[in-house]
Structure formats: structure tokens, C-alpha cells
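Q: Have a look at the structure that comes next, please.
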Amino acid sequence: MFALVDVNSFYTSCETLFRPDLQGKPVVVVSNNDGCIISRSAEAKSLGIKMGEPFFKIKNNTYSSRVHIFSSNYALYADLSERVMQTLTAISPSIEVYSIDEAFVNLSGVINCMPLSDFGHEMKNKVFKNTGLTVGVGIAQTKTLAKLANHAAKKWRGTGGVVDLSNIERQHRLLALTSVEDVWGVGRRISKKLNSMGINTALDLVESSLWVIRKHFNVVLERTVRELRGEQCLELEEFAPAKQQIICSRSFGNRITQYSDMHQAICAYAERASEKLRSERQFCRFVSVFLRTSPHADNEVYYANQASMKLLTPSNDTRDIINSATNSLKRIWVDGHRYMKAGVMLADFFSNGVAQLNLFDDSSPRKNSAALMEAIDQLNNSGKGKVWFAGQGIEKTWAMKREMLSPAYTTRYADLPVAR
DNA sequence: TCTGGGGTCCTAGGACCC
DNA sequence: TCTGGGGTCCTAGGACCC
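Using this note's numbering, read the first sequence as starting at -19 and increasing by one per residue.
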């Protein structure tokens, strides 16, 4: 048995946690660069504010003066997420952290101690006690069914935020009430195609033949159907598998038109990507850079391009990554565009041990590279100060917009809330 | 004026091998 | 006239997730 536990309106709840005056009011969090709505309090939802809606479009709506808006504060959300996960880890056999605000919990053996829904309430109460955040809990035989149960726990107040789907009849009743697009793994495209085949509810999907699903779609959807039937196809992944790619990309606060600005941005992204790579204890051989103008600007020529390089030897030295990223940038930069976004992608990873020197590589690996990178990472993680490579510059005129950012309540001494 | 930032998996098709 | 039957690896693109 699995439980899926997730925090209600996670980002928004993190914000109101430290602003009790805003509880019960419409609150939203917008994406990086203050672009789109990405989290809404219940009150904001009932105003009709949609997920993913561009912020500038609702800015001047009649209700907007009543809505409290926050820029994304990932330092805050990541810290609170960790506290939620720690609480769940402490009381359950094992968990898989699935995203910043949700986890699958392994419930094996729990049934010998107490009814599963009681355990669900216990998780909910413990998380609330430790963090002040409210979670929803869905319990079932497979991950996909647990997701469905969680969905129901959110939707119907009478459930008290916990739904146990162990009972097959209850399962079928819920399947009949759920439309296919609310099933985990069924997105917009597939649900449209399913609808055209007369498959509208999750129950329709469960009752359709596996052969037909496999023929018209693929093995992924077949697995979803099996999971909805109670056949476990997806395991609990307690330990995150090694990443296959690392991307660092951002939209710019203002459009970039100067090469020197773009060069700075690419250096900054390359540096951040290298940090992530080292924290994964990996070395990469593939470094790619992309940039693009706005796809929404009708009166401008759209330009998007990407270039990549293969390093002769796998590396996680920031200097190597910056070198090859800026080399690629030179090849795709075109004057005269108003660039909106750019990024750096790393791939083709090697673990420490298998990094092998290239027979024909003239340049020997950099001396003391590992020690230097470790020193930099330690300085930057110590809270004592920040060092960076000169390429990214000091005045980052291209940096993203975060005009409504809340304090780093839990991760910066100066921002600690004061209790009176 | 203004539209996020990450990821994964699968499939089809091309190039190549014997 | 007539052209097999296996494979592998790589890439691009499409679908999905949060």
C-alpha cells in the first residue's frame, strides 16, 4: 500500500505561514520573473484566478487590489519542504520524495498496527504540528490510485483530507466520478484522444481493453490502466536515481540586446549548472547553450537557437564548463534581437571513477581542480560569503524580476521573524 | 511593456553493422 | 524482372509530471 501526501497550495501556504494576517484571504505566488500564477490560496481560486495565467493579464482586474501577490521565494519553500519530508520520514517505513511538495509513503506493515486512514490522519497532524502546513493524504494499492485518492481528499471536504481507497467498491465509485484528464499520467493530448474514443471517466479507462490502449497509445498509458486496476507497475523509489541532465535557464528581467550581457548571463548559468553537477558527484562531457527571443512578440522576428560542445575529457570544473558554454554562445549569437531567455544544459554524465583521459588530448587535466572547486563550493555554502567567477559580472542588469519577494524567514539570520 | 524552470520516458527513423 | 533478416546506437520530437 502507498500513501501520497502533498501540501495544500504549497507555495501560498508557505507565505501565509509567516503572515497570519493574510490567512483566509486571496493570496497567489507568481513564477520567476513575476511571470505566471503558479500557486493560489483557496480564496484566490474561488475568485477565478487560473493556474499558469500570465500575471500582467490579471494585474488590473477589479479584484486584483484585494489579492496579495508574492514573487517565488524558493529558499523559503525548499526549507519548509525539507521539514515536511523529515517529519514523514520519521514516522513511516520509508518515503519517496516525489516533488517539492509531495511524497509517496510506503505503508507496508502499518496495517498490523492501526487502520490506514488513522495513520493518514496521524501523518497529517504531525506535519501540521511540526510545520504549520496542511497536507492531503491519499491511500491505495498503487501509486496511480493513491494519486487519485489524494485528488479526492482535496476535492471533498467531508473526507477530512484523508482518503483510503483500500475498499474496491469505493475505488470504483471514485473512478466513475473522475474524468480521465484528472488521472495521473493522462495529460491534455491523451485525454482529448481518449474522449474521441468514447472514454470519458477513469472507470471507462479501466474497463477498456489493454490491447486497444497499447495499439492506439503506448506502453506508458497501458501501465497507467494496469495501475488503476490495482496492478502495481511503479515501485517506490526511495533513492533518487542519478540525474541524466542538468539545466540552468532563466528568463531575463529585461530583454537582452548586448552580447556582453548575454555573455554574463551564460557564465552565471554555467557556473550554477557546474555547482549542481558537483553536488551530484558527477562529471559531464556534453555542454549545450540555448537562447531565444519572445515567442509572444508578434511584431518581432522569432529567433531560437542552440549549440553544444563535447569536452574531450569529462569535467565538473566550472572553468571548463564556462569555456565551452561561451564558445557555443559565440556560434549562435546574432545581433539585433531582443533576447528573452537563455540557458545552459549539461549531459552525458560520468561518475568519479570512470572519468578517463583522452589519448589524444593535449591539455592535461587542470591541476588541483577538485580542491579548488571544493573550496569554492564550501565558501558558497558556508553562509560566510560568496565567491564567483568574473565572467558573470557584478551588476546583473539582466537578472530576473522579483518585485514582491518575501523575506527568507527560515534561512537568513537577518530575516528571522520576531516574536513579540 | 509583460507569458517559469525544471525534469522523465518512449518511439520512430536513420545510419550503420554482419 | 527479381535484393534478407537480424541487430545496435543515436537523435529528434512528443507526451507527460511538478
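Glycine included, every Cβ here is placed at the ideal spot set by N, Cα and C.
#1: Pick from V47, V163, R153 and T42: whose alpha carbon is nearest that of V200?
#2: Can you tell which of R299, A287, D328 and G32 has its C-alpha closest to the C-alpha of R346?
#3: For L401, count neighbouring Cβ atoms within 10 angstroms of its own Cβ and tell me buried if that reaches 16, exposed if not.
#4: Drop a sphere of 10 angstroms on the beta-carbon of W136, count the other beta-carbons inside from all chains shown, and report buried for 16 or more, exposed for fewer.
#5: Thinking C-beta only, is F50 closer than 9 Å to M384?
#6: Please report the straight-line C-alpha distance between G373 and Q244, rounded to a whole angstrom.
#7: CB-CB under 8 Å to G333, same chain, minus the five flanking residues each way: which ones, in chain order?
#8: Is it a yes or a no for the region 239 to 255 touching the region 106 to 126, going by three-plus beta-carbon pairs under 8 Å?
#9: Can you check whether the CB of S268 is closer than 9 Å to the CB of Q286?
#10: In three-state DSSP terms, what is Y282?
#11: From this set, P73, K25 and F(-2), which residue's C-alpha is nearest M(-19)'s C-alpha?
#12: Less than 9 Å between the C-beta atoms of K123 and F99, yes or no?
#13: Could you check which residue in G371, S349 and T377 has the C-alpha nearest to that of R258?
#14: With H431 as the anchor, note down where its alpha helix (DSSP H) starts and where it stops.
#15: Taking the alpha carbon of V205 as the point to measure from, which residue in K223, Q225, D184 and R168 has its own alpha carbon closest?
#16: Does the structure place the region -14 to -7 close enough to the region 3 to 11 that three or more beta carbon pairs sit under 8 Å?
#17: Measure the Cβ-Cβ separation of L326 and F266 and say whether it is below 9 Å.
#18: For R235 and R382, what's the separation of their Cα atoms in angstroms?
#19: Measuring CB to CB, does L396 end up less than 9 Å from Y319?
#20: Quick check for students: name the residue ranges of the alpha helix (DSSP H) that lie wholly in the region 258 to 322, counting only runs of 4 or more.
#21: DSSP beta-bridge partners for P34?
#22: On the DSSP letters alone, give me the boundaries of the beta strand (DSSP E) that D471 sits inside.
#23: Pick helix, strand or coil for Q225, following the three-state DSSP scheme.
#24: When DSSP labels each residue in this structure, what does N175 get in the three-state scheme?
#25: Have a look at S97 and T237 and give me their C-alpha separation to the nearest angstrom.
#26: To which residues does DSSP link N86 through a beta bridge?
#27: Can you list, in chain order, the residues of its chain with a C-beta nearer than 7 Å to that of S11? Leave out the 5 residues immediately preceding and following it.
#28: Quick check: the Cα distance between K172 and E187, rounded to an integer number of angstroms?
#29: Mapping DSSP to helix, strand and coil, what is G165?
#30: Taking buried to mean at least 16 other C-beta atoms within 10 Å of its own C-beta, is H48 buried or exposed?
#31: Look up L396 in the DSSP assignment and say whether it is helix, strand or coil.
#32: Spatial neighbours of S88 within its chain, please: CB distance less than 8 Å, with the 5 preceding and 5 following residues excluded, ordered by chain position.
#33: If you follow the alpha helix (DSSP H) that I29 is part of, which residue opens it and which one closes it?
#34: Run through the DSSP bridge pairs and tell me what S188 is partnered with.
#35: Quick one: measure Cβ to Cβ for P0 and C16, integer angstroms, because I've assumed they're closer than 8 Å.
#36: Taking buried to mean at least 16 other C-beta atoms within 10 Å of its own C-beta, is G323 buried or exposed?
A: Well, looking at it:
#1: Ranking V47, V163, R153 and T42 by Cα distance to V200 puts V163 first.
#2: Selected option, being the one with the closest Cα: R299.
#3: No answer is possible for residue 401: the residues shown for the chain start at -19 and end at 400.
#4: Per the 10 Å Cβ criterion, exposed.
#5: In this structure, M384 sits near F50, with a CB-CB distance shorter than 9 Å.
#6: Taking C-alpha positions only, G373 is separated from Q244 by approximately 6 Å.
#7: With a pLDDT of only 47 at G333, under the threshold of 50, the placement of this residue in the model should not be trusted; the figure read from the coordinates follows. Excluding residues up to 5 positions away in sequence, nothing lies with its Cβ nearer than 8 Å to the Cβ of G333 in the same chain.
#8: They do not touch, by the three-pair rule.
#9: Yes. Within cutoff.
#10: DSSP places Y282 outside both helix and strand once states are collapsed to three, so it counts as coil.
#11: Nearest option by C-alpha distance: P73.
#12: No, they are not a contact pair.
#13: For R258, the nearest C-alpha among the options comes from S349.
#14: The structure shown does not extend to residue 431, since the chain is modelled only from -19 through 400, so no value can be given for it.
#15: That would be D184, whose Cα lies nearest to the Cα of V205.
#16: Contact between the region 3 to 11 and the region -14 to -7 is established, with three or more Cβ pairs separated by less than 8 Å.
#17: A Cβ-Cβ contact shorter than 9 Å links L326 with F266.
#18: Cα-Cα distance, rounded: 15 Å.
#19: No, they are not a contact pair.
#20: Counting only runs of 4 or more, we get 298 to 312.
#21: P34 is bridged to C16.
#22: Because the chain is modelled from -19 through 400, residue 471 falls outside the range shown and cannot be assessed.
#23: Residue state, collapsed to three classes: strand.
#24: If DSSP states are grouped into helix, strand and coil, N175 belongs with the helices.
#25: When rounded, the distance between both Cα atoms is 57 Å.
#26: For N86, which the question treats as bridged, DSSP gives the partners F(-18) and S74.
#27: Result list for S11: I18 and S52, in chain order.
#28: So the two alpha carbons sit approximately 18 Å from each other.
#29: Note: G165 maps to coil in three-state DSSP.
#30: H48 comes out buried.
#31: Here L396 sits in coil by DSSP.
#32: Residues of the same chain with a CB within less than 8 Å of the CB of S88, apart from the 5 flanking positions on each side, are M(-19) and P73 in chain order.
#33: Where I29 is concerned, there is no enclosing alpha helix (DSSP H), given that its DSSP letter is neither H nor E.
#34: Residue pairing by DSSP leaves S188 without any beta bridge partner.
#35: In fact, because the Cβ distance is near 27 Å, the residues do not count as touching under 8 Å.
#36: Per the 10 Å Cβ criterion, buried.
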